[in-house]
Every structure is written in C-alpha cells, then in structure tokens.
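What follows is a set of notes on a single structure, which appears directly below.
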Amino acid sequence: MNVKAFLAAVLLAAPAGAQGFAGLGADAQGFAVPQPGQPLAFPQDHGAHPEYRIEWWYLTATLTGPDGTDYGAQWTLFRSALAPEAGTGWESPQLWLGHAALTTPDAHHVAERLGRGGIGQAGVVAAPFEAWIDNWQMVSRAAGGADALDAIQVTASGTDFAYDLALQATGPLVAQGDQGYSVKSAAGQASYYYSQPFYQVTGSITDQGRVIPVTGKAWLDREWSSQPLAADQTGWDWFSLMFDDGARLMGFRLRDTGEGYTSATWIAADGTPRPMPPGALRVTPLREVPVAGRDVPVVWRVELPAMGLDVTTTPLNEQAWMDTLVPYWEGPITISGTHAGRGYLEMTGY
Amino acid sequence: MIAAGLSALLSHWWRRPMQLAMLLLGLSLATALWSGVQAINAEARASYDRAASVLGQDGLARIVGDGPVAQDAYVALRRAGWLISPVLEGRLAVPGSSLRLIGIDPLTLPPAAQQVEFGQGDGLLPFITAPGVMYVSAETAAGLAEAGLPPLRVADSLPPGTALVDIGQAQRLLDRPGEISHMLVWPDAPLRDLPPGLTLRQPEGASDLARLTDSFHLNLTAFGFLAFAVGLFIVHSAIGLAFEQRRPVFRTLRALGLSAAMLTGLLLAELLLLALVAGVAGVAMGYGVAAALLPDVAATLSGLYGAEVPGTLALRPGWWATGLGIAVAGTLVSAAQSLWRVWHLPLLAPAQPRAWARASERALRWQTGVALGLLAGAGGLIGAGQGLWAGFGALAGLLLGAALLLPAALSGLMALGQRMARGVLAQWFWADTRQQLPGLSLSLMALLLALAANVGVGTMVSSFRLTFTGWLDQRLASELYLTARTEDEAAQMLVWLETRADAVLPIFNAEADIRGQPAEIYGMADHATYRDNWPLLQAAPDVWDRMASGQALLVNEQLARREGLGLGDAVALPGGGALPVAGVYSDYGNPVAQVILSTDRLLALFPATPRLRYAIRVAPDRAAALAEEMRAAFDLPPENLADQAAIKAFSLQIFERTFAVTAALNVLTLGVAGLAMFASLMTLSAMRLPQLAPVWAMGLTKARLAGLDLLRTLLLAAVVMLAALPLGLALAWVLLAVVNVAAFGWRLPMYVFPGDWLRLGGLALLAAGVAAAVPVRRLALLSPGDLLRVFAHER
Chain A
1 MNVKAFLAAV LLAAPAGAQG FAGLGADAQG FAVPQPGQPL AFPQDHGAHP EYRIEWWYLT
61 ATLTGPDGTD YGAQWTLFRS ALAPEAGTGW ESPQLWLGHA ALTTPDAHHV AERLGRGGIG
121 QAGVVAAPFE AWIDNWQMVS RAAGGADALD AIQVTASGTD FAYDLALQAT GPLVAQGDQG
181 YSVKSAAGQA SYYYSQPFYQ VTGSITDQGR VIPVTGKAWL DREWSSQPLA ADQTGWDWFS
241 LMFDDGARLM GFRLRDTGEG YTSATWIAAD GTPRPMPPGA LRVTPLREVP VAGRDVPVVW
301 RVELPAMGLD VTTTPLNEQA WMDTLVPYWE GPITISGTHA GRGYLEMTGY
Chain B
1001 MIAAGLSALL SHWWRRPMQL AMLLLGLSLA TALWSGVQAI NAEARASYDR AASVLGQDGL
1061 ARIVGDGPVA QDAYVALRRA GWLISPVLEG RLAVPGSSLR LIGIDPLTLP PAAQQVEFGQ
1121 GDGLLPFITA PGVMYVSAET AAGLAEAGLP PLRVADSLPP GTALVDIGQA QRLLDRPGEI
1181 SHMLVWPDAP LRDLPPGLTL RQPEGASDLA RLTDSFHLNL TAFGFLAFAV GLFIVHSAIG
1241 LAFEQRRPVF RTLRALGLSA AMLTGLLLAE LLLLALVAGV AGVAMGYGVA AALLPDVAAT
1301 LSGLYGAEVP GTLALRPGWW ATGLGIAVAG TLVSAAQSLW RVWHLPLLAP AQPRAWARAS
1361 ERALRWQTGV ALGLLAGAGG LIGAGQGLWA GFGALAGLLL GAALLLPAAL SGLMALGQRM
1421 ARGVLAQWFW ADTRQQLPGL SLSLMALLLA LAANVGVGTM VSSFRLTFTG WLDQRLASEL
1481 YLTARTEDEA AQMLVWLETR ADAVLPIFNA EADIRGQPAE IYGMADHATY RDNWPLLQAA
1541 PDVWDRMASG QALLVNEQLA RREGLGLGDA VALPGGGALP VAGVYSDYGN PVAQVILSTD
1601 RLLALFPATP RLRYAIRVAP DRAAALAEEM RAAFDLPPEN LADQAAIKAF SLQIFERTFA
1661 VTAALNVLTL GVAGLAMFAS LMTLSAMRLP QLAPVWAMGL TKARLAGLDL LRTLLLAAVV
1721 MLAALPLGLA LAWVLLAVVN VAAFGWRLPM YVFPGDWLRL GGLALLAAGV AAAVPVRRLA
1781 LLSPGDLLRV FAHER
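Chains as they are written, first to last, in the numbering used here: chain A, 1 to 350; chain B, 1001 to 1795.
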C-alpha cells in the first residue's frame, strides 16, 4: 500500500474497510451526528465544525467567455477529521483537501492539494470569512452587515490553469432539506446542508497561459456530517441546475444495491426552498461513454413531475474526470427540455 | 559413439583427480574472489541508493536556509504557491548509538519521496499524534527493542540507522519545536521568488555517498578483477595439461570415426559442465568471502564516509547469474587456445611432445611491442589525464604492460646467463630454463602481478599510515576534548575549568555551502596550540596573525584541490563577504570540504552555532586526573569527554579497517598466484620427460636433476620478485599521487619499506618452493624405466 492509496483511504476516513464511496459510509463513533430541528446559525456555520468527520465548501461556476465559449470552474475545500477535535500544531487530526478544476469544451484541468490543519497551511475561519489551502482562497468581500458569503473572491491555480473569480450573490442562503437537515438515506443518515445558489460571477480564467475574461453564475454548497451515507450506498449522481427563469434545483440520487434514494429541493427565483419528498425526483441515464477506463453516464433525463420538469442534461465536456486521490466526474452541463439553463453534475462511485 | 566418446574423455579426470581438483579449485577461487567483491559492492551500492532515495533526495530539488528554517517560513511559502514539503532531520540518541531521524509530512510529500509503506490498519492518526509511529529497517528495529522510542514499524526500503516519523513527532523527539531542516520541492512545480535567507538547491544527480565512495568500490573491483585474472592462469594451465595428456585419446577417438566438430563439441560440453560446477562452488565461496569481509567494509564506509551499510549480505539473483556467467566466460577464454588446437588436430600426426617450447620469436616480439605500447599509454595517462579513471587506466596499463614484457625480459636474461655460463651443465641449465619459459610465462606473469600489487598496495598503505599517524599527532594537540550537553552546562564548565586548565579552546562549527558544495565551517581560537601544531601544507607568512584578526581563512586540501584554490584566492562566505585563503591544511580521513575562520568571525556569520565543544589544554600528566574530576563534578558520560589517546586510537582503528579488506584481498591474490605456479609446474613436469631423459642418460642423477629443477623455480621466482619491486613502487606512486588525489582529495608523501620487501620476497620464494616441491619430488622418485620408455615410445 503506497502513501497515495493510504491517504485516499484515511483522508476521507475509512477506519474499517471500504464502505460506500470514499468511506463515507463509515460509522460515526466519537464524532457529532447531525440532529433534526437545530437551525443553522451564521456566521459561525460558515466556518469549520471539527467535531464532525467530514465537511466541504463546494463551489461550481458555469462561465462564458467573450466569444461565447462556455467554461466551468470548480473550487472545493474538504475537511476530514481523524478524530473529533480541533487539535493544535502538527498533531491536529484535521486534514484538508483542495480540488480545483477548469473545464473547457476540449480540456479538463485538475489540481489537488493536501494539507494538515493546525499549522496554518489550510483552514477555514468563520469571521472574517476565509477558506484556504496553500495559495487557493475563498475570501469574503461582503460589506459590513451583509452575510459574509454575499460577496466572495475565489482563486486557485494548477500547473496549466488558474482562475480568479469575483462572486456576488443576488439571492439569499438556502437551507436544504428540513431547515438544513438533509436526509441521505431511508435509514436516516443525514447531513447539515445549505447553499448559496444565486451568485453572479465576473473574473478571468487562465487556460494554458491564455487569460480569458469570463462572466457567469455560480453555486456554493456547504455540507458537514459524520456519516452521510448508508453502508450499502455506493455513490451518487448530484445535480445543481440553474434555470434561465431564475429558479434553481438541487437534486441527487444515492445509488445502492436496490432502488436508490433520491432527494431534491426546488428553489424559487426568490430563494424560497421547497423540499421534495424522497422519490419525487427521477433521474435516468441516457448515454454512457468510456471515461478513464470505466463507463460513466454523461447524458441524463431529469424529471420532477411536481414542478412539471422534464429535461435532458448534456455535458460541456464528457471527459470531465477528476483524476484525484478519490476520483470522480464533475463538470458543467447544459439543460434542455421543459426548462433551459446551465448547471453542474457530479457523479461519484463509478 | 557420443556416449562412448564422452566417457572416454571424462575417464581422464577419474584417473587424475588432482588435476580435476586443480582446475575446479582455480576456477572456483577466481570466481569466488570476483563475485565476493561484486557482492560487497552491490550490497553497499544498494544501501547508498536506499539512503539517497530516502525522501527522493536524489531526484528532488530542495529549499535550504543558512541554518534551521522556521516552520512558519514553510507555511508562508506554501501560501505563496510553492509546492513543497517540510523535512526535519536530526540525530536522535538511543542507547549505545544514535539514529538519523527524519520527520516528514505525509500529506505534502512528493510522490517521488514516498517510498515507505505505511502500515495498514492503524492509519494516519497514530502516526501524527503522540507518541507517533517510527518506521525503521528490520535490522535497525532489532537493535531498538528497549530504547523507549515510539512504536516501531518495519519498512525495508529504509537504510539502516534511519528512522522515519511524522514531522511533528520529529520536532518533539528532537526538541526542536517549530523548526524544519529543509523543504523538498515537487517536480515540475512552478518556481517563485524566495525570501532572503532561503536558497533553492537543485538535486545532485548521483548521491553524495555514491560519489564519495566510488573510489573505494573501484578499488575493490580492481582487486577482484586482478584476482580473477590471476585465477584464470590456473585454469589455463590445468586445461592445457588435460588436453595435452589426452592427445592420444583424441587421436584414437578421431580415428574411430568421431568427427572434429563432435569431439570439439564434447570437449566444450565437458568444459561447460566443469565451469558450471566450479562456478556454483565459486559463487558460494564468494558469498563466504563477502560475508567475511562485509563487516570490515561496513565499518570502513561508516567510519570514513558516514555511510550506513548493513553488516549482513542479501542474496541477489543477478549476482548469482553474473558469478556463473563469469566462470563460464573465464573457462572458455582459458580453453580457447586448446579447443582451437583440437579442432585442427592432424589425424595422423605422431604424438609429438607439445610444441609450447617452440613459441615463435615473432609472437614474442609482438607481445613485447604491445607491452611497450601499454607502458607508454600508462605514462601518457599519468601525464595528461587526471581523475580516478585515468589513475586506474594507468594502473591497468602498467600492470598488463609489465606482465607482457616479462617473458621477453626473462628470455633475454636467460640468454645472457647462457652466454656467461661456464661448463656444459650450466649452459644446459640456462638453455633448458629458457626453453621452459613459454610454458611457465603465464604463471610467472601471475606471480609478477600478485607481487607487484602486494608491493604497491603495501607501500601505499604504509605510507598512508605513517603520514596519518604523524598528522594525528599534530592535529590532536590538545589533551582533552569536551562536548557539553547544553550551553548552560558549557558555561558552568568554562568557569569550573578557569583555574584548573591551562587553556580552553572553543571548537564551534556550522554547515553551509562553500563554492556550491556542502562544507563544514569551523571556528579557531588564536592560540599557540594551533600556531605550533596545525598541519599546514601551504601558508602565507603571517597566516596566524591574519587568522586571529579575522582577515583570512584556512581551507582543507580537499577543497583547495577541488576548487583549484591557492594562497590569496578569495572564498565567498555564506551571508556575504569573502576572505582570502591564508593557508591550506591537510585533512586526512575527511571527504568533505572544510573552511576554518576565527571563532569570532564564525559566530558573527552563524549566531545560532551551538557552543558546546571545547579542547582543553592541560599538562599531559594531569589530563587523566582532570578528566576524572570533571566527569564526577558534572556527572558527564564518558563519551562527552574524550582524551587525546582515545581519539587517536579510534581514528587509527578506522584507518586499519579501511585497509583490512585490501590486505585480505592481497593475500588471497598471492595465494592464487602460488596455485597458478603449482599448476604450471605440474603441467611442465609431465611434459618435460623427453627433455630430461637424454640428460639423465648422459649421467646426471635424478636427485641432481630434481635439485636443478628446484633451483630453477626459485631462481625464476627471485627474478620475478626483483621485477615486481620497481613495478610495485610505480603502482604505489600512481595510487598515492593520482588515485588518492582523485578519490579522496589528498596527496600523500611516499615512503619505502625495504623490510616489507624482504618479507614478501621470502614469501614468494617459499611459495615457489612449495609449488615446485611436488613435481620435483615426482621427478626424484621417477623409476629409470619411465625415463627409458621415453626413448622407446616418444622418439
């Protein structure tokens, strides 16, 4: 077992065997477990929750260049705790993992960073809000009085790409599930989950040395938990859809050995969330392509009959494979059908 | 027919088991020496590679500071976009010795540096939190059972004496919180500006250890090869004899219808079989040789270069294969001439005695020409080329040239003896000796090589020892050497010593790059101890005054030679500034560049230098008492206060071990040469009957003949010994003036030791006498009928 595999296993916390995707199905012993009926509190919930096993700050942006070319950008900071305490210095059990990606119609650039908590190389502070690993940053630019995430600056770079994006929210934070308590399986596994799906983006991307000004939309997800998946769940297909009429849809299917578990939140243009009951969302893979030596469904039919939604999603780049310690597919998509718009698709466990 | 032919051929060996033993012994001895040396080299190289590849240090650039680097500087660089990983290295004391402790951050470690297999099951948390987990090699783990260290895990990719822990645990164990030693840079990572005080150092292609120890291994290889070549002389003789004696059998077999191709094929098969048997035995013996020599080699490498080599030998399949391969190749080379003769054997030609004696004059002239060419080439290499390969090239040319020249020289000498001889018997003696030369020349050449190597290496080692001992006396002028455990303790000791010692001289040192190479920088106090004793090879007139005022510096011979530094040349110092060289001092036994400044200047450049080591001057007869008092007063462990004699003894011990291997190989080579001579004489004695029979028939007794034969052998050995002297001295000169300078960076004066030569000469005569004893005895015991039969059968 080399260090890379070793890290892949421990970083996303798998104390006993491979259970579910990246060990997320492991038990939560010693770690805090999300409870229903506990409202989110800001700004402190923008920061880290070291007593929970896993947490992320997850931004996806659909962008367009001056010539109309579409791009996608991803900025993710994962926190993974080996033990439910903050700790200090090198002995802190808090580990950090950053993923950054830039997707163009014919390329998908990926970079990954790892860091230890406790020495200042990576971390998140709630106020003034800053999330960072190495020279990648997500920093609040919000005016006094506004929520810290209303305006943020996001930067990251890899060997062959970089981006620097200014994000301005045009709507409120949205609590997913039941006031932020998001159930992930019929057995009751859950996480805390809220989003800011209403960002307008301006900034620039650098694609192999070429600097391109871009504009677009972005979606930030915040989620933390200690055991978000049931042991038999093997991965998920997760959609963040931003429709041209201003409405948003967050929906996912957790795959297991049986029917799977779907969940969705419809978000009206004014930010009012409307959680859907389990099973209300239907997602159907339409076309699989070989990606990184495996078959990955890249074209999907997404149906939410309660809202009269029946759309097809197609990727900007079918090969949006995140070749990271724990590999997955993540890339921008275009929506057509009853509703039009753009969004992001994440597929894990393939 | 094939089976019958094979059994006829093989029956020869059953009837002459001694000959079979000689052949197998020669071949397996040659293989053993060669593969033993190869095994030692392979083991040592493998461990250098392991040492160098710990953290991929052989292929990764690194960022270093002038001294230790603050952990915050690492975090700042990461946050500026540098893809780097922190490393903290230090010595961790364990009972009886110390470990090279390496602290790493597994999360940021570049893939090239990740060669340790982290254990499954317990994961990262125990590794990064106290007490941590320590990875060591199995050998190291065995010695650390009760050392009170963190839980141990075995990682065989680690070199011995090295322990790998998390960097946080390393900071705790070494008591260096917030400190790192250097940072490894990810390959292909973007390079950015570095803040002052930090420098980017590109990876060094070959590891320092591999480079430093190259000479040592080349030395061993050269000896192994010499021994192998000498061993092949035995094989050649034995095969030649066996073929010669079986000529009638060959003829009979051919006459019975066995084709030349088939006969040659059968002989080849027989030889391959013998080569394989001897090769397997040889490789097994080589393993024994290596296992016996390795502890000394390991001690040498560790004492001289700080290279940790395990004292036990791993069996490598590649090494077995090459050992067998070289045995087979050696056999074929030795047998080529004989096989060629069998192939061209005239079917009906009478069984004439072998025509060894009729080696044509032209061949000898040609050989002499080649010899002179080789000698000239050796001279040219010494004149034009510098460096290790030029040195060894010159050695090879010298040895081979001299060996090839030997037959012609001996032949000339015998001709001279013949011309000056009075009386028939004396003339016959010289002529007969000359007649035998072609048959003996190969073994005489082997003897020459062995003797010359002995003289040369002996002279080199003895010269080195003499110089080294004298140098140690100068260099270790102080009576006691003190290492305090903390600076506070050092301060108390200084106060304590004020009234008790004549002088206390600080020995502070720092490490930094000088002219792009890692160097030690020492501070030197202004004191008569140094003014009177320090071994300067070159010095400016006012060297000590300029040193005292911080206006100049001293460099060691290694640095001066490598960088071509002379008196007055400026040497840039880390942190700016430059000082002229005011002196060059000899610094034997140290492979690293060294610079000496005044103590004040050193402390100004490196304020963080630990002030722990001091030399104490006191009247020699009071030294022991003072040491005793001091150990008691400060509860000082013995190793923290060493007296001059102990350090000298330790240094000399390292020195002796360095050359113990050389000496052992030398003796073995001489032994092999003796065997070669024995084999040749056995061969000749069987073939010489036709020449002896007429002399006997004319009235010379067998005892007289036997006595003359013994005399002849001793005479030849003596002449070879005389020839080996100048050759050996030339060899020693090349070793001292060329090879040592290239390998170690120092040049030693050459001293000659005639007493050693006498002893060696005696040994050579004894070996020749013993080698001749069996054939001579056989001659003396020959029945008259045997001699008479010569006339009946052969003539």
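In this text, a Cβ means the ideal position worked out from N, Cα and C, and glycines have one as well.
Predicted model, so just to flag it, every value in this text is computed and none were measured.
Residue-level contact to chain E via CB, residue i, 7 Å cutoff
i          : result
VAL1504(B) : Of the protein chains in this structure, namely A and B, none is chain E.
Which listed residue (the options) has its alpha carbon closest to that of residue i
i          : options                                           : result
ALA190(A)  : GLU346(A), TYR344(A) and GLN38(A)                 : GLN38(A)
LEU1603(B) : ARG1617(B), GLN1071(B) and GLY1575(B)             : GLY1575(B)
ALA1142(B) : ALA1130(B), ILE1128(B) and PRO1160(B)             : PRO1160(B)
ASP1296(B) : GLY1674(B), GLN1691(B) and GLU1656(B)             : GLU1656(B)
ASP1643(B) : ARG1622(B), ALA1660(B) and PHE1464(B)             : ARG1622(B)
LEU1025(B) : GLU1479(B), PHE1606(B), LEU1731(B) and LEU1276(B) : LEU1276(B)
VAL311(A)  : ALA218(A), ASP70(A) and LEU286(A)                 : LEU286(A)
MET307(A)  : LEU97(A), ARG282(A) and THR324(A)                 : ARG282(A)
LEU1410(B) : GLY1423(B), VAL1424(B), ARG1434(B) and GLN1427(B) : ARG1434(B)
GLY1523(B) : PRO1607(B), LEU1398(B), TYR1135(B) and ARG1500(B) : PRO1607(B)
ALA1376(B) : ALA1112(B), VAL1667(B) and LEU1398(B)             : LEU1398(B)
SER1463(B) : PRO1106(B), GLY1439(B), TYR1751(B) and PRO1151(B) : TYR1751(B)
TYR1287(B) : LEU1274(B), SER1028(B) and ALA1403(B)             : SER1028(B)
PRO128(A)  : GLY115(A), GLY144(A) and ARG210(A)                : GLY144(A)
TRP266(A)  : VAL299(A), PRO278(A) and GLY235(A)                : PRO278(A)
TRP96(A)   : PRO105(A), TRP56(A), GLN74(A) and LYS217(A)       : TRP56(A)
TYR52(A)   : THR64(A), PRO36(A), ALA86(A) and GLY65(A)         : ALA86(A)
ARG1601(B) : SER1478(B), LEU1626(B) and ALA1510(B)             : ALA1510(B)
Residue i to residue j span [Cα, whole Å]
i          : j          : result
ALA1281(B) : HIS1182(B) : 49 Å
GLU1139(B) : PRO1095(B) : 16 Å
TRP224(A)  : LEU59(A)   : 15 Å
ALA1030(B) : TRP1757(B) : 26 Å
ASP221(A)  : ASP45(A)   : 12 Å
ALA1355(B) : PRO1248(B) : The predicted model places ALA1355(B) with a pLDDT of 46, which falls under 50 and marks its position as unreliable, so this point remains unresolved.
ASP1188(B) : LEU254(A)  : 38 Å
PHE1250(B) : VAL1342(B) : 8 Å
ARG1079(B) : GLN121(A)  : 7 Å
GLY1325(B) : GLN1245(B) : 28 Å
ALA156(A)  : MET250(A)  : 25 Å
ALA1780(B) : VAL1672(B) : 26 Å
Contacting residues, own chain, Cβ-Cβ under 6 Å from residue i (five flanking each side not counted)
i          : result
MET276(A)  : ALA264
ALA1552(B) : ARG1546, LEU1579, PRO1580 and ALA1582
LEU1381(B) : ALA1390, GLY1393 and ALA1394
ARG1515(B) : GLU1563
Cut-off 7 Å between Cβ atoms - residues of its own chain near residue i, not counting five sequence neighbours on either side
i          : result
ARG1611(B) : GLU1487, ALA1490, PRO1506 and PHE1508
ASP232(A)  : ASP256 and THR257
SER1586(B) : TRP1471, PRO1535, LEU1537, GLU1557 and TRP1746
PRO1126(B) : VAL1133
Cut-off 8 Å between Cβ atoms - residues of its own chain near residue i, not counting five sequence neighbours on either side
i          : result
LEU1372(B) : GLY1401 and LEU1405
ALA1321(B) : none
Heavy atom of the ligand HEM within 6 Å of residue i beta-carbon
i          : result
GLU1628(B) : This structure lacks the ligand HEM, and indeed carries no ligand of any kind.
CB of residue i within 7 Å of CB of residue j, strictly
i          : j          : result
PHE1228(B) : TRP1389(B) : no
VAL1776(B) : LEU1689(B) : no
VAL1063(B) : LEU1198(B) : Here residue 1063(B) turns out to be Ile, not Val, going by the sequence shown. In this structure, LEU1198(B) lies closer than 7 Å to ILE1063(B) by Cβ.
LEU316(A)  : PRO66(A)   : no
**Message:** I'd like to know if the stretch 1706-1718 of chain B and the stretch 1473-1488 of chain B are in contact, where contact means that at least 3 CB-CB pairs between them fall below 8 Å.
**Reply:** no
**Item:** Inter-stretch contact (C-beta, 8 Å, three-pair minimum) for the stretch 236-248 of chain A and the stretch 130-147 of chain A
**Value:** no
**Touch test, the stretch 1476-1485 of chain B against the stretch 1566-1575 of chain B, Cβ-Cβ under 8 Å, three pairs minimum** = no
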